[in-house]
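2 protein chains.
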Amino acid sequence: MRSSAFDFASLFPASLPAPAIKWTGAARYNFVGGHNDPAVVPVDALRTAADAVLLREGRALANYTVNTGPQGYRPLREFVAEKLKRDAGISCTAEDIVMVSGSLQALDLVNAVFCVRGDTVIYEQESYQGSINRMTRMGVNVVGIPLDDGGMRMDVLAAALADLKSRGVRPKFIYTIPTVQNPTATIMSEARRLELLKLSEDYGVPVFEDDCYADLIWSGKRPPALYAMSKTGGVVHIGSFSKSVAPALRVGYIVAPWEILSRVLALKTDAGSGALEQMVLAEFCKVHFTTHVPALRTALRAKLATLMEALNEQFGTAAEFEDAPGGIFLWVRLPDQVDSMKLYQKALAAGVAINPGPEWSVNAVHSKSRIRICFASPSHEEIREGIALLAEVCRSEFGIPARSANVQKRV
Amino acid sequence: MRSSAFDFASLFPASLPAPAIKWTGAARYNFVGGHNDPAVVPVDALRTAADAVLLREGRALANYTVNTGPQGYRPLREFVAEKLKRDAGISCTAEDIVMVSGSLQALDLVNAVFCVRGDTVIYEQESYQGSINRMTRMGVNVVGIPLDDGGMRMDVLAAALADLKSRGVRPKFIYTIPTVQNPTATIMSEARRLELLKLSEDYGVPVFEDDCYADLIWSGKRPPALYAMSKTGGVVHIGSFSKSVAPALRVGYIVAPWEILSRVLALKTDAGSGALEQMVLAEFCKVHFTTHVPALRTALRAKLATLMEALNEQFGTAAEFEDAPGGIFLWVRLPDQVDSMKLYQKALAAGVAINPGPEWSVNAVHSKSRIRICFASPSHEEIREGIALLAEVCRSEFGIPARSANVQKRV
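Those protein sequence lines, which keep their order, are chains A and B.
Under the working numbering, the first residue of the first sequence carries the number 1366, and numbering increases by one thereafter.
Under the working numbering, the first residue of the second sequence carries the number 1366, and numbering increases by one thereafter.
And the structure:
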């Protein structure tokens, strides 16, 4: 790390975000970041896939898009189309898909197709931090709709749309994570999906469906995607292999009508997303996806069980949560006197990384005492130790939990 | 490809670029796009590298940055630091490097660190189309400095800086491709590099050095990078593996002082660039880079010879060019009556893709009769056939060349 005598700072635009802090490694107990379970990475199958696809098509790497065009590696698009039909009820072909560098690039591209500074969008009140931050940086207003056990509340959405309309505001889209919502892990029922689509059509506001956790439902049964249920085609659907295979492979996709994809492609000036990752994934998925994902779910389900057990043991009734039906995170409510932003800082100093509620919400008051705990990456032992340490920090800071592991502590 | 009954169009911002045209395959004779030679892709070595690195570190793919942090896969950063020291005279460590998804992402990130709408930057008058287009889309003014056989002209740069200063304009940077300039293939001498750095310091305008072709100099000898020569650290350096290994692997890098890297990282919200590509490259490069690159150069040099031979044969004195000292493209001047935008369209219709000069220049008049021909991807036979066909199109459209392959044609 070197610094410079040159005066760069006077050249930076005023709008530039604050500089990043130098990364110094992950926390000892890492409950953040959406990482996956290292033990379940299908290393041998990926090795076989890499070898086979490089042998067969390696020379095509000399071409920016391995000769399959700007929409991405065609065999992978074909797999995605097949998978979406089987799992999500979506009827589409490889032509309706653009492969992207993780669903984060999908967010950037779809956001840019619709939004400029001053626009308004509708979000679930609690939502993915990376999505919320993108809107903040773009200067787009986010209207948050509260969630209940069934996801985004349609009565509040209807009222918000009516209110915005009365003020002459047409939101650019309704962004939702309907299937294992991040961070609440709720799954929107099919009936509610119909209500959402009806409102979307009535108000002319498209739906932006982020489905990146949909493969990780313990039961293996998911409602059809909003994209599949829409009769007017007013849905943009995005997904990812980060959660189902491996996050360090930056491979996601956008499914949308050509009106949208042609705009996405005009904005996607990166000469294609990484081809080797797409090639290896395609080769792996066509053989192993349907067996790999259930194995992954089993492993994740077991880690969630350990996490809930550890929370019950360490926090007792102080930690409220619903058993998540899938995913890699648990949304936990602590008593009102716990300031999760402060807890997050103190815990991090003690070696435990958690997500404080306000960073995953557009309603800082509502989420003040809530935390998001990712359970896929740490081992069962690390989950137990980390939650014990978190309870200790929380107790010393807020007097909560008063009792843990059935032992009364002095506070 | 499906379309939608939903009215998306009324939601699009006015600033949205025009929709992309559906891709229908590459031209039969493809002289565009910066593709590489398929025959030289080191398939077997990449297979071995992929297998070894997946076996050893595959489980780390469960972590977004394979546990090496947001600056990118550490062993690859270490390789880049070593390579830059050996080849470009740059003294840096892995801490001074951020790996990115191809040098196109490097352009986006560095541009965003410095520029907003209305700003001014300095470019070589002829430059990479992808760089020029980025500035156009950002609404940044580009001042073009003419080139001669030694690259950007320092007398004109000095005058331009003085003129801008007199008008109260401090450009955000001087963007240059000093080592095998795109499209002119010139190499800026060490003496001229010193002049450029002096002007940069005198005017407080940093240098943005794009070095993506520097590995492809036939002689294997390159001048030190501007980054290496700067005494004040006022240079941002970017590079890529697209030209030296394979373009479909989207792996590039930024070398800069921490003042810049910390801003780049704050803007790089993609959860890391693809890790598998970085891992495979690192594993491959540490063993094979120094033998692979000379083999690639030999293959490219031979293709350039074929291209120049074909041009001489088909165009005679109508096609003027300098023997390029490296790279993957040739910048060709045709007689003044040739409108290269029109030639490009007619040639494409006939199955020959070339780059028209005005798309690679900020001076449409100067580049009106110039074309850029990429020679790495087509076979020797395709080069000969494609140039013959191009000559035929050019003759039928502009009466030039009047004679080709030593046969007088009716015009």
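We put the CB at the ideal spot given by N, CA and C, even for glycine.
- request: Could you please give me the residues that DSSP links to Val1652 (chain B) through a beta bridge?
  value: None, per the DSSP bridge assignment.
task: Could you check the C-alpha separation between Leu1559 (chain B) and Phe1573 (chain A) for me, to the nearest Å?
output: If you take the alpha carbons of Leu1559 (chain B) and Phe1573 (chain A), they lie about 52 Å apart.
message: For a cutoff of 9 Å on Cβ pairs, would you count Phe1377 (chain B) as touching chain A?
response: Yes, contact with chain A.
message: Going by DSSP in three states, Val1776 (chain A) sits in which element: helix, strand or coil?
response: Summary for Val1776 (chain A): the model assigns pLDDT 41, below 50, so the residue's position carries little reliability; its value from the coordinates is reported in the next sentence. DSSP places Val1776 (chain A) in coil when its eight states are reduced to three.
- prompt: Does Ala1613 (chain B) get closer than 9 Å to chain A when you measure Cβ to Cβ?
  reply: With its beta carbon less than 9 Å from one in chain A, Ala1613 (chain B) belongs to the interface.
Ile1603 (chain A), DSSP secondary structure in three states: Residue state, collapsed to three classes: strand.
query: With a cut-off of 9 Å, does the C-beta of Thr1541 (chain B) fall near any C-beta of chain A?
result: Residue contact with chain A for Thr1541 (chain B): absent (no Cβ-Cβ distance below 9 Å to any residue of chain A).
C-beta neighbour in chain A for His1653 (chain B), strict 9 Å: No - not a single Cβ of chain A is within 9 Å of the one on His1653 (chain B).
- request: Give every residue of the same chain whose Cβ lies closer than 6 Å to the Cβ of Phe1763 (chain B), excluding the five residues on either side of it in the sequence, and list them in chain order.
  value: Within the same chain, Phe1763 (chain B) has close Cβ partners Gln1702, Val1703.
task: Could I get the ranges of all uninterrupted beta strand (DSSP E) runs contained in the stretch 1633-1701 of chain B, with 3 residues as the minimum, in chain order?
output: Considered as a whole, the stretch 1633-1701 of chain B harbours 1694-1698 as its complete beta strand (DSSP E) runs of no fewer than 3 residues, in chain order.
message: For Leu1695 (chain B) and Leu1672 (chain B), which I take to be in contact (beta-carbon distance under 8 Å), what is that distance rounded to the nearest angstrom?
response: About 6 Å separates the two Cβ atoms, so the contact holds.
- prompt: Run through DSSP, which three-state label would Asn1728 (chain A) get?
  reply: If DSSP states are grouped into helix, strand and coil, Asn1728 (chain A) belongs with coil.
Supposed contact pair Ile1603 (chain B) and Ala1477 (chain B) - C-beta distance, whole angstroms, cut 8 Å: Contact between Ala1477 (chain B) and Ile1603 (chain B) fails: their C-beta atoms lie close to 14 Å from each other, not under 8 Å.
task: Spatial neighbours of Gly1639 (chain A) within its chain, please: CB distance less than 8 Å, with the 5 preceding and 5 following residues excluded, ordered by chain position.
output: Cβ within range, chain order: Ser1466, Arg1615, Val1616.
message: With H, G and I counted as helix, E and B as strand and the rest as coil, what does DSSP make of Val1405 (chain A)?
response: The three-state secondary structure of Val1405 (chain A), taken from DSSP, is helix.
Residues that Gly1751 (chain A) contacts on chain B, provided the C-beta gap is smaller than 9 Å: Chain B residues near Gly1751 (chain A): none, gap ~16 Å exceeds 9 Å.
message: Any beta carbon of chain A sitting closer than 9 Å to that of Val1645 (chain B)?
response: Yes, contact with chain A.
message: Below 8 Å on C-beta distance, what does Phe1373 (chain B) contact in chain C?
response: Included in the structure are the protein chains A and B, with no chain C among them.
message: Taking the straight line between their C-alpha atoms, what separation do you get for Ala1374 (chain B) and Pro1571 (chain A)?
response: Straight-line spacing of the CA atoms in Ala1374 (chain B) and Pro1571 (chain A) works out to 11 Å.
task: Quick one: grab the DSSP three-state call for Tyr1493 (chain B).
output: Coil.
message: So if DSSP puts Ile1582 (chain A) in a beta bridge, which residue, or which two residues, is it bridged to?
response: Note: Ile1582 (chain A) sits in a beta bridge opposite A:Gly1691.
- prompt: Ser1734 (chain A) to Gly1681 (chain A), Cα distance in whole Å?
  reply: Approximately 16 Å, taken between the alpha carbons.
Buried versus exposed, by CB contacts within 10 Å (16 or more), Asp1580 (chain A): It counts as buried.
query: Roughly how many whole angstroms lie between the Cα atoms of Glu1642 (chain A) and Gly1423 (chain A)?
result: Between the C-alpha atoms of Glu1642 (chain A) and Gly1423 (chain A) there is a straight-line separation of about 12 Å.
- prompt: Tell me the DSSP bridge mates of Arg1791 (chain A)?
  reply: Because chain A in this structure spans residues 1366 to 1776, residue 1791 (chain A) falls outside the shown range and cannot be described.
- request: For Pro1440 (chain A), return the contacting residues in chain B, with the cut-off set at a CB-CB distance below 7 Å.
  value: Within chain B, no residue comes near Pro1440 (chain A); the closest Cβ sits about 14 Å away, beyond 7 Å.
field: Residue-chain proximity (Gly1398 (chain B), chain A), Cβ-Cβ < 9 Å
entry: Yes, because at least one Cβ of chain A sits closer than 9 Å to the Cβ of Gly1398 (chain B).
query: Beta-carbon separation of Leu1512 (chain B) and Glu1489 (chain B) under 9 Å?
result: Closer than 9 Å, so yes.
- prompt: Distance, Cα to Cα, Thr1655 (chain A) vs Ala1410 (chain A)?
  reply: Straight across, the Cα-Cα distance linking Thr1655 (chain A) with Ala1410 (chain A) is about 13 Å.
field: Paired residues, beta bridge with Asn1395 (chain A) - DSSP
entry: DSSP lists A:Ala1718 as the bridge partner or partners of Asn1395 (chain A).
task: Spell out whether any CB of chain A is found under 9 Å from the CB atom of Asp1473 (chain B).
output: Taking Cβ atoms only, chain A reaches closer than 9 Å to Asp1473 (chain B), which makes this a yes.
field: Classification of Val1652 (chain B) by the beta-carbon crowding that lies within 10 angstroms, buried from 16 upward
entry: Label assigned to Val1652 (chain B): exposed.
message: Contact defined as beta carbons within less than 8 Å: I believe Val1445 (chain A) pairs with Tyr1618 (chain A). What is the distance between those atoms, to the nearest angstrom?
response: Contact between Val1445 (chain A) and Tyr1618 (chain A) holds: their C-beta atoms lie close to 5 Å from each other, under 8 Å.
Nearest-angstrom Cβ-Cβ length linking Ile1539 (chain A) and Ile1455 (chain A), presumed shorter than 8 Å: Between Ile1455 (chain A) and Ile1539 (chain A) the Cβ distance is about 18 Å, and since that is not below 8 Å, they are no contact.
field: Per-residue DSSP class, three states only, for Asp1473 (chain B)
entry: In the structure shown, Asp1473 (chain B) sits in a helix (DSSP, three-state: H, G or I).
- prompt: Looking at the C-beta of Ser1705 (chain A), does it have a partner C-beta in chain B at a distance below 9 Å?
  reply: Answer no: the Cβ-Cβ gap between Ser1705 (chain A) and chain B never drops below 9 Å.
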